[in-house]
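In the working numbering, the protein residues as written are 1 to 248.
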Amino acid sequence: MTIFKSAREIEIMKEAGKIVAECHATLKEKIRPGITTKELDVITEDIIKHAGAIPSFKGHQGFPACICTAVNDVICHGIPDSKPLKSGDVITVDIGAKLKGYHADSAWSYEVDKVSPEIEQLMKVAKECLFRGIEIARIGNRIGDIGAVIQSYAESYHYGVVRDFCGHGVGQSLWEDPQIPHYGQPGKGALIKPGLTIAIEPMITNGSWKTKIDTDGWTARTVDGSICIQYEHTIAVTAEETIILTQL
Ligand code: MG
Ligand code: MG
1 MTIFKSAREI EIMKEAGKIV AECHATLKEK IRPGITTKEL DVITEDIIKH AGAIPSFKGH
61 QGFPACICTA VNDVICHGIP DSKPLKSGDV ITVDIGAKLK GYHADSAWSY EVDKVSPEIE
121 QLMKVAKECL FRGIEIARIG NRIGDIGAVI QSYAESYHYG VVRDFCGHGV GQSLWEDPQI
181 PHYGQPGKGA LIKPGLTIAI EPMITNGSWK TKIDTDGWTA RTVDGSICIQ YEHTIAVTAE
241 ETIILTQL
């Protein structure tokens, strides 16, 4: 059941979102060859706790870290470790913060030093997929419209749209109804109404959309070793506008 939020609740989620955005702003400066994902985890946890919030992911269904890190062919839910990042890697960092009982959730992909032109284009298109999804997430449209615009845009570049992981409602729970697939048909699914707070988080690959899980039980990768890029924002739909909550 979808829980629609009041203006007051959306304000709190915006505060939580600002903390997540501050983490991303710091990580953008820190990500470089030689740094480990474990170091990024420590930096992020410090920022979240210093802001008086709680890392949403730590302990969520048993996840062992504050951030999820996804390097190259990892799609999502990678666990930070001690392996240094290399020039030409691409890393997605997914961050959640809970403030005054409400979560905000945002993932962003970063190039380590410099990626190839091919990956640069994948990053550009994946980011456009997110913003096209946000653009159509407004009153009167349907949940299916979000996935439809993302899928048609990504597939026009022959990219893969991951099916096994979806966007979701966000609020007092990190994952709430409704589920937001990043593929689908226009005009299908529930109507978008005021008070809807959701995370849109397309995972776009330069190959197959199919996934496999590592033996750690968490890390999801592309089956064909293709690169996966992801950008995610938590947004709120109001009567007047659709607001991005996870930005400064
Ligand atoms: Mg996330
Ligand atoms: Mg999410």
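Even for Gly, the Cβ is constructed at its ideal location relative to N, Cα and C.
This one's a predicted model, so the numbers in the text were calculated from it and none came from an experiment.
Within the segment 90 to 164, the complete beta strand (DSSP E) runs of at least 3 residues fall at 90 to 99 and 102 to 111. As DSSP reads the structure, A220 sits in a beta bridge with C76 and I213. Under the Cβ criterion (8 Å, minimum of three pairs), the segment 111 to 119 does not count as touching the segment 127 to 145.
Within the same chain, Cβ atoms closer than 7 Å to the Cβ of C23 are found at T44, I47, I48 and I95, the five residues on either side in sequence being excluded. By the 16-neighbour rule on beta-carbons within 10 angstroms, S109 is buried.
A51 has its CB no nearer than 7 Å to any heavy atom of ligand 1.
The beta-bridge partner set that DSSP reports for P55 consists of A97. Sequence-distant partners of W209 (beyond 5 residues in either direction) whose C-beta falls short of 7 Å from its own C-beta, in its chain, are G160, V161, V162 and R163. Looking from the CA of I136, the closest CA among E111, H182 and D41 belongs to H182. Residue range T197 to I200 is occupied by the beta strand (DSSP E) that includes A199. Looking only at K188, A126 and L191, the smallest Cα-Cα distance to I227 is reached by A126. Assignment of I48 by DSSP, reduced to helix, strand and coil, places it in the helix class.
Distances between the C-beta of S106 and the heavy atoms of ligand 1 include at least one below 7 Å. If you compare the alpha carbons of V93, A220 and T238 with that of T197, the shortest gap goes to T238.
For V90, same chain residues with a beta-carbon under 8 Å away, outside a window of 5 residues either side, are V71, N72, S109, Y110, E111, V112, V115, I119, M123, I227 and I229 in chain order. Within the model, the alpha-carbon separation for E240 versus G187 is close to 21 Å.
Residue range A7 to K30 is occupied by the alpha helix (DSSP H) that includes G17.
Of I143, K212, A190 and S106, the smallest CA-CA separation from F57 is found for S106. Shortest gap from the CB of H24 to any heavy atom of ligand 2: 7 Å or more. The C-beta of E232 has 16 or more other C-beta atoms within 10 Å across all chains shown, which makes the residue buried.
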